[in-house]
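*Asks:*
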Amino acid sequence: METSAERELRAYVDLHEVGADILSFSPNIILEAPVKLLNSGKTPARDVFALGNIDILPYPPPSPFPNTFPEQDVSRFTMAAGRRADSTIAAHRLFSAQELADVRRGTNLRMYGYGLITYIDVFGKHRRTTFRFMYGGSGDAKNTFIACPEGNSVE
């Protein structure tokens with residue numbers, strides 16, 4: 000059981016920022032989104048690695064949402080408290096011109112980025128963070144990636 004001191008001092012690694020030039024998305028190019036991870040805790044996180052995928056899926060999203068990732072070459076690293084780290088989430092398939100047009104028009108498709116961050120805190124506990132963001136539709140998601148209401152958790 001986690002003590003209050005552990006909760007206060009432990010590492011908390013999550014997805015802090017997604018940056019992608021949405022207007023440059025085009026068919027026949029594997030899409031990539033640069034992301035920033037943040038350790039907002041008070042102690043380091045070690046063995047940090049992130050897996051992710053970008054895909055075009057129905058909106059509202061399927062349930063259960065996909066939570067498997069194609070095999071990826073993932074490096075592990077240590078994150079000091081309060082530090083950010085750069086990573087990239089990439090699609091693992093090409094998108095058609097029609098799919099991209101449907102996402103931009105806000106039809107029943109959205110572009111989702113989703114993934115998993117794992118790490119070990121200073122107390123030796125294995126931790127997981129899941130994240131999900133989307134692009135497409137109306138409102139803020141029409142021009143940028145926004146966090147989804149579901150699929151984001153820090154354990």
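Residue numbers are given in numbering that gives the first Met the number 0: position 36 of the sequence shown equals residue 35, and the series is strictly consecutive.
Every residue gets a Cβ at the ideal spot worked out from N, C-alpha and C, and that includes glycine.
#1: Put Glu31 into one of helix, strand or coil per three-state DSSP.
#2: Between which two residues does the alpha helix (DSSP H) harbouring Asp101 extend?
#3: Using three-state DSSP, classify Glu5 as helix, strand or coil.
#4: Could you give the residue range of the beta strand (DSSP E) that holds Glu16?
#5: Ala90 by DSSP, collapsed to three states: which one?
#6: Given a cut-off of 8 Å on the beta-carbon distance, is the pair Phe130 and Glu5 in contact?
#7: Mapping DSSP to helix, strand and coil, what is Ala140?
#8: Do Glu7 and Ile55 have their beta-carbon atoms positioned less than 8 Å apart in this structure?
#9: Can you give me the C-alpha to C-alpha distance between Tyr113 and Gly81, rounded to a whole angstrom?
#10: Could you give the DSSP three-state label for Phe24: helix, strand or coil?
#11: Let me know the secondary structure DSSP gives Asp54 once reduced to three states.
#12: Compare the Cα-Cα distances from Asn142 to each of Ser39, Met133, Pro148 and Arg126 and report the closest residue.
*Replies:* In terms of the structure at hand:
#1: strand
#2: Ala96 to Arg104
#3: helix
#4: Val12 to Val17
#5: strand
#6: no
#7: helix
#8: no
#9: 23 Å
#10: coil
#11: strand
#12: Met133
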